[in-house]
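*Asks:*
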Amino acid sequence: KEVVFEIASAGEKLEFDKVSLTATAGAEVLLKFTNTSGAQQHNWVLVQAGTKDDVAGRGLTHPTTDWIQPDDPDVIANTKLLIAGETGEAGFAAPPTGTYQFVCTFPGHNLTMFGDFVVSP
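Sequential numbering of the sequence shown, starting at -16, is according to this note's numbering.
This is the structure:
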């Protein structure tokens, strides 16, 4: 069963328009992320619980790979870095039961631009 989520940046605020998303373990997820900002670049990155700042920190030296370290073990899924007004998608299988985080890894955005991705059995 496929679950479709639509999420966006909150205009010029460094925030997502949703702070929590919920899926069932193993569900096929299609996430559509729209960057509604007029100037900022954003991405959407699903990471292991408690790793959003580490993932963003490791991504600081990787501007050519959407501010994500290639093969980062804590990254579960991600969109590409989106310019203002652009929409991107990420398709993935929901991970095992638990609470994960989603975050924008553009430098500095991880401090306020994140939320919980809750996976139920």
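Virtual Cβ for every residue (Gly too), placed ideally from N, Cα, C.
Nothing here was measured: the structure is a model prediction, and the numbers come from that model.
To the nearest angstrom, how far is the alpha carbon of Glu72 from that of Phe16?
*Replies:* Cα to Cα, the separation comes out at about 6 Å.
*Asks:* Quick one, are the C-beta atoms of Val58 and Ile66 less than 8 Å apart?
*Replies:* No; because the gap between Cβ atoms is not below 8 Å, this pair is not in contact.
*Asks:* List the whole-angstrom C-beta distance separating Gln4 from Val(-13), where the pair is believed to meet the contact cut-off of C-beta under 8 Å.
*Replies:* Contrary to the premise, residue 4 reads as Leu rather than Gln in this sequence. Leu4 to Val(-13), Cβ: 11 Å. No contact.
*Asks:* Please state whether DSSP places Leu29 in a helix, a strand or coil.
*Replies:* DSSP places Leu29 in strand when its eight states are reduced to three.
*Asks:* Return the first residue and the last residue of the alpha helix (DSSP H) that Lys1 is part of.
*Replies:* Unbroken run through Lys1: none, as it is neither H nor E.
*Asks:* Can you give me the start and stop residues for the alpha helix (DSSP H) that Asp37 sits inside?
*Replies:* Looking at the DSSP string, the run of the alpha helix (DSSP H) that includes Asp37 is 35 to 42.
*Asks:* In this structure, what does DSSP give as the bridge partners for Phe97?
*Replies:* DSSP, once it has assigned bridges, lists Val86 as partnering Phe97.
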